[in-house]
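In full-length UniProt numbering, the protein residues as written are 1 to 534.
Structure below.
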């Protein structure tokens, strides 16, 4: 491990600049196998765009925070980087998923100061421009928590006269205590031009060397190494639509959010420690498809239709793993923790059933991981991102379609919501047939996501009763469908003890029976709430 860096310097360096302005960093990151990194900067397709030769340097960076991670909790990272004989202290926002971001692209604010040495300079952090980001109570507690040490090869790319992108190929490690993780990535930072150029370059790279989109900064990777905390599931961020949002803006924003939620949950899904990561990736793809289906007649793009259909195929590959996860986490694990729920059941037989279920789910889990890691997954996300950001579906639209895309989305949202509400029918009670209940569940889900897309167009107080009634109804129907799938999967465990499998199936049915008895009241409450868009 590189030598430790001193924790802090209480006095300001003579050449520090306390009033350093913030600037915006717009970046798309790709992870590649270490063996492939050496080839990146010499790819003919990139050299044809290069403005000057590649430059290589070693960068050693210390990251500082308090023992209880006050800065990370405030959404910022503090570092001192050695660049040759020069030391640069940087304060950077690290929360990469914000409503202004393009899908897969991180937009961060950054403040830089030249400092005298490798210790953090506290004095510049009291400047009014950044003081709100660094709690005063943290200043005396700052310490070096981890270090990155890597070789960076940079190449300035100019795809056209108005565009400049700095490509940085980073190969090294992040160190914390006695542990380390590899750094093996390519960063594309937009210096001038449009965000779409980042996607075009990423697709060029992806065609030559299989890569994966990187969602975390080096600061976030280092913090995970320090804390030992596995990545958790990430909720979709609130949508930022307003009554002034046009149809085209709404579509782009909703699709971006779905792609961001998909990527944000990848680390959790691949870690395998929390079943919610995979589930939320599937939710993100579902939201993407529902949104595209709404807008597709106005977008009129065969390319987008094809890419969204690819996302459906990906979601199907993730589905079986999710089913086995639900059976384990929602049924078998609770029964293992409370065997009294199955009186008379042999514990060894139940353990055997759990082992069989885990084995049966291992294959679908591997298939899900392979689908996420496959080059086609990255290519699909990058291609859809590029298509969204180029915006030719707006700029080349003509006549009535162009006028509709430029109109406020509120002129269409109410009609779309009413159409989905009408599909629920006017029955006084939810259906008793399992297939009909599942059909209702799917229609409610489509209504729920559509309502969630457009709730920002309406007063919040008007939307709350609707969601308060819809969410428990949808949750009950989702749980009922999970039970149907779980019972079917349980029946596939042919080597299980028949008595134990029957007891578990009976337990599933008892829980379902309770939910089914509650459904009429949930349905009644939902139907009694006036639609907020009326």
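Just so it is clear, CB atoms sit at the ideal spot from N, CA and C, and this is done for glycine as well.
All values derive from a computational prediction rather than experimental measurement.
Quick test of your reading: residue 393 and residue 304, contact by CB under 8 Å. State the CB separation rounded to the nearest angstrom. 7 Å
Own chain, CB closer than 8 Å to residue 83, minus 5 neighbours either side, in chain order: 57 and 59
Ordered along the chain, which non-local residues of its own chain (more than five positions away) have a Cβ less than 7 Å from that of residue 239? 253, 254, 257, 453 and 456
Those runs of the beta strand (DSSP E) which lie wholly inside the segment 210-289 and span at least 3 residues: 212-214
Determine whether the beta carbon atoms of residue 211 and residue 247 lie at a separation below 8 Å. no
Does DSSP put residue 49 in a helix, a strand or coil? coil
Within 8 Å (strictly less), CB to CB, does residue 534 reach chain C? Among the protein chains of the structure shown there is no chain C, as only one such chain exists.
Tell me the rounded alpha-carbon separation between residue 221 and residue 65. 14 Å
Continuous alpha helix (DSSP H) stretch holding residue 114: start and end: Where residue 114 is concerned, there is no enclosing alpha helix (DSSP H), although the beta strand (DSSP E) it sits in stretches over 105-115.
Boundaries (first-last residue) of the beta strand (DSSP E) holding residue 145: 143-157
Where the beta strand (DSSP E) through residue 458 begins and ends: Counting along the chain, residue 458 falls outside any beta strand (DSSP E), and DSSP gives it neither H nor E.
Excluding sequence positions up to five away, which residues of its chain have a Cβ less than 7 Å from the Cβ of residue 463? 455 and 532
Residue 371 to residue 365, Cα distance in whole Å? 10 Å
Endpoints, alpha helix (DSSP H) assigned at residue 333: 333-337
Cβ shell of residue 412 (< 7 Å), same chain only, five flanking positions each side left out: 247
For the alpha helix (DSSP H) holding residue 326, just list the boundary residues, first then last. 302-327
Determine the burial state of residue 480: buried for a count of at least 16 other Cβ atoms within 10 Å of its Cβ, exposed for fewer. buried
Taking the alpha-carbon positions, what's the residue 44 to residue 208 distance? 10 Å
Assuming the contact rule is C-beta atoms closer than 8 Å, residue 539 and residue 153 should be a hit. Round their C-beta distance to whole Å, please. Here the chain comprises residues numbered 1 to 534, so residue 539 is not present and cannot be evaluated.
C-alpha distance - residue 76 paired with residue 122, whole-angstrom precision: 15 Å
With DSSP run on the structure shown, which of helix, strand or coil describes residue 25? strand
Beta-carbon separation of residue 350 and residue 335 under 8 Å? yes
Whose C-alpha, out of 115, 388, 119 and 92, is nearest the C-alpha of residue 109? 92
Opposite residue 74 in the DSSP bridges: which residues? According to DSSP, residue 74 bridges with nothing at all.
Close-in-space but distant-in-sequence residues of the same chain around residue 54 (CB under 7 Å, 5 per side omitted): 41, 153, 154 and 155
Quick one: which unbroken alpha helix (DSSP H) runs of 4-plus residues sit fully inside the segment 413-491? Chain order, please. 434-454 and 460-491
Between residue 377 and residue 314, what straight-line distance do the alpha-carbon atoms span, to the nearest angstrom? 8 Å
In terms of DSSP beta bridges, what is residue 171 paired with? 151 and 184
Straight-line gap, residue 382 to residue 138 (C-alpha atoms, nearest Å): 39 Å
Residues bridged to residue 92 by DSSP? 77 and 110
Please say whether residue 105 and residue 219 have beta carbons closer to each other than 8 Å? no
Keeping to the same chain, check which residues put their C-beta closer than 7 Å to that of residue 225; ignore five residues upstream and five downstream. 146, 174, 176, 179 and 181
Would you mind working out which of 217, 204 and 323 sits nearest residue 275, comparing C-alpha positions? 323
Residue 400 by DSSP, collapsed to three states: which one? helix
Hey, quick one: how far does the beta strand (DSSP E) through residue 64 stretch, first residue to last? 55-65
Given this structure, state the Cα-to-Cα distance separating residue 469 from residue 460, to the nearest angstrom. 15 Å
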